[in-house]
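Just below is one structure, and these are the notes that go with it.
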Amino acid sequence: MIPEDLRYTAEHEWLAPADAGAFKVGITDFAQEALGDIVFVQLPEVGAKVQAGESFGEVESTKSVSEIYAPVSGEIVAVNAALDATPEVLNSDPYGAGWLVELKADDPAAVDALLDAAAYGELTENS
C-alpha cells in the first residue's frame with residue numbers, strides 16, 4: 001500500500017501537504033510492517049528545529065527501536081499527542097490517524113526532491 005499523492009524518503013517516512021504550508025510526516029506501511037507491534041513513540045516538542053536527514057524521534061516496537069528522520073529541514077508546528085496513549089495506531093493507520101508531526105519546511109521546494117510513489121515502490125521491492 002503506497003498512496004500516490006505522498007512523497008517518501010529512503011528511510012521510510014512519508015510527507016503530505018497539510019494546512020498553512022506545513023506538511024504531515026509519518027512512517028510508511030512498509031516501515032510499520034517491518035517494525036511489528038509499535039508500543040512507544042518519542043516525538044520532538046512543537047517549535048523544535050529539524051534538519052533534513054537527521055533523527056527527530058524514535059518508534060519503539062516489540063522487535064526494536066528505530067529512529068525517525070526529518071524528510072526536509074524546518075520547524076515542528078504540531079505533534080500527534082494521541083500517539084502517547086495509542087502508539088499502535090501507527091500499525092493500524094500509518095497514513096491517517098498515525099501521522100507523527102506537522103513540519104513547516106524551510107524550503108517547500110525540497111519536498112519535490114523526495115521519492116514519488118513509483119520510486120518508493122521500487123525501493124521497497126528491492127528490500
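All the letters of the sequence shown, read from the start, carry residue numbers 1 to 127 under full-length UniProt numbering.
Beta carbons: idealized from backbone N, C-alpha and C, even for Gly.
These numbers come from a predicted model, not from an experiment.
Range covered by the alpha helix (DSSP H) that runs through residue i
i	result
Ser121	Note that residue 121 is Gly in the sequence shown here, rather than Ser. Per DSSP, Gly121 belongs to the alpha helix (DSSP H) from Ala117 to Glu125.
Glu33	Asp29 to Leu35
Start-to-end residues for the beta strand (DSSP E) that takes in residue i
i	result
Ala105	Val101 to Ala105
Leu15	Glu13 to Pro17
Glu54	Careful: Glu54 lies outside any beta strand (DSSP E) and carries neither H nor E.
Val65	Val65 to Tyr69
Sheet register partners of residue i (DSSP bridge)
i	result
Lys49	Glu75
Gly26	Trp14
Short Cβ contact (8 Å threshold) for residue i with residue j
i	j	result
Lys49	Trp99	no
Gly53	Ala70	yes
Asp29	Met1	yes
Fill in: Segment contact flag, the region 109-123 with the region 56-69, C-beta cutoff 8 Å, min 3 pairs
no
Worksheet item: Can you find at least 3 beta carbon pairs, one from the region 18-35 and one from the region 82-89, that sit closer than 8 Å?
Response: no
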